[in-house]
Amino acid sequence: MLVTSSFSELMHAKKDLETFKQTQPETYESFVGIVHLTRQLQFNYQYMGCLLMDEEPTQFRPQVQDDFVLQVFHKEVMKLKQDQAAKKLCSLLGAYRQIGYANLCKLIMGKSPNVLVGPQIV
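So for the sequence shown, the numbering used here puts the first residue at 18; every next one is plus one.
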């Protein structure tokens, strides 16, 4: 799947993520934890996004040797989804789906929007 992001879209996303951080700090921190867990496990951000958004994640499912690791990851994502502000998070993710979950995650981790501009294969 190919996603394209403009500088303007990325700046809007960054601003909205910052607003979400200010208005829903606990949910934001939980989401940041999931983003870091996804990165540490070397899972695809698209897989994480699909799980959060109740989309079909099969094509992005990581190849893992131990299903226990995948189960732990799923439990953490489900915990986040049960948060009271999860609908707001999903609304934010849905609003910027076209730029890709990976770009949103990279913005959260501090990447500059300048670096993320352009087409990417997810």
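The beta-carbon is built from N, C-alpha and C at its ideal position, and this holds for glycine as well.
(message) I want to know whether the region 58-67 touches the region 76-87 - three or more CB-CB distances under 8 angstroms.
(response) yes
(request) Alpha carbon to alpha carbon, how far is L97 from F85? Give it in angstroms, no decimals. (result) 19 angstroms
(request) With DSSP as the reference, please indicate the residues paired to V20 in a beta bridge. (result) Q137
(message) S23 and V134 - do their beta-carbons sit closer together than 8 angstroms?
(response) yes
(message) According to DSSP, is G50 part of a helix, a strand, or is it coil?
(response) helix
(request) Quick one: using the 10 Å Cβ neighbour count with 16 as the cut-off for buried, is G50 buried or exposed? (result) exposed
(message) If distances are taken between C-alpha atoms only, which option among A112, K92, L124, K123 comes closest to L68?
(response) K92
(message) My parser needs the alpha helix (DSSP H) runs of 4 or more residues fully inside the region 74-123; what are they?
(response) 84-98, 103-112
(message) So the candidates are A102, G111, L27, K32; which of them puts its Cα closest to the Cα of E72?
(response) G111
(request) Ignore the nearest five residues each way along the sequence and tell me which others in M126's own chain have a CB closer than 7 angstroms to its CB. (result) V52
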